[in-house]
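Trainee: The sequence shown begins at 423 in the working numbering and counts up by one.
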Amino acid sequence: MADLKAHERVLAQHLELRNMLADIEAALTERADVLHVSGLIANLADRIVAHFTMEEQGGYFTEAMLHSPHLVNRANALMAQHPRLCDQASRVCEGPPSNGELELWWHETQRRFAEFCEALLEHEVREDRLLQEAYIRDIGSHD
Ligand SMILES: [Fe+2]
Ligand SMILES: [Fe+2]
423 MADLKAHERV
433 LAQHLELRNM
443 LADIEAALTE
453 RADVLHVSGL
463 IANLADRIVA
473 HFTMEEQGGY
483 FTEAMLHSPH
493 LVNRANALMA
503 QHPRLCDQAS
513 RVCEGPPSNG
523 ELELWWHETQ
533 RRFAEFCEAL
543 LEHEVREDRL
553 LQEAYIRDIG
563 SHD
């Protein structure tokens, strides 16, 4: 049987990350407070580093996946995206706005955040699909 705990932990963290993205999106749309938004984005970047570390330390590798070279290759390709995504997350929010450049700061932060969201969500959806395939395959093999 697949290691459901690892599988479920990855999926639960994906949900948590999506909620964090939605909160940041809302805060950016409101443009309420630079420090608040900067803090949310810094928290997200930290959380992503921890999430990727968990995945790299075995979160993906269910027993079922280890029996399928095809799935292992896909898992390795996804993990190879982690350094670039971490780097992108750390560059979404570039310091406090300079004097008179508040509008530009919001605009650029929103733009970088939207680009990052797209890249991260694509990555996570592919992981969800991979885990689902490994899990379903494993259930099938035990019928
Ligand atoms: Fe990942
Ligand atoms: Fe993930």
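Ideal Cβ positions, reconstructed from N, Cα and C, are used throughout, including at glycine. Note that this is a predicted model, so its numbers are computed, not measured.
When you compare only the Cα positions, how much space is there between D550 and A497?
Mentor: 11 Å
Trainee: Please check the pair E546 and L439, which I expect to be a contact at CB under 8 Å, by giving their CB distance rounded to whole angstroms.
Mentor: Contact flag correct, Cβ pair sits at about 7 Å.
Trainee: Within the chosen definition, does the region 444–461 reach the region 472–485 through at least 3 CB pairs nearer than 8 Å?
Mentor: no
Trainee: Quick one: measure Cβ to Cβ for L450 and Q532, integer angstroms, because I've assumed they're closer than 8 Å.
Mentor: 5 Å
Trainee: In whole angstroms, what is the alpha-carbon distance linking E430 and H489?
Mentor: 19 Å
Trainee: Could you tell me the alpha carbon to alpha carbon distance between N465 and R534, rounded to whole angstroms?
Mentor: 16 Å
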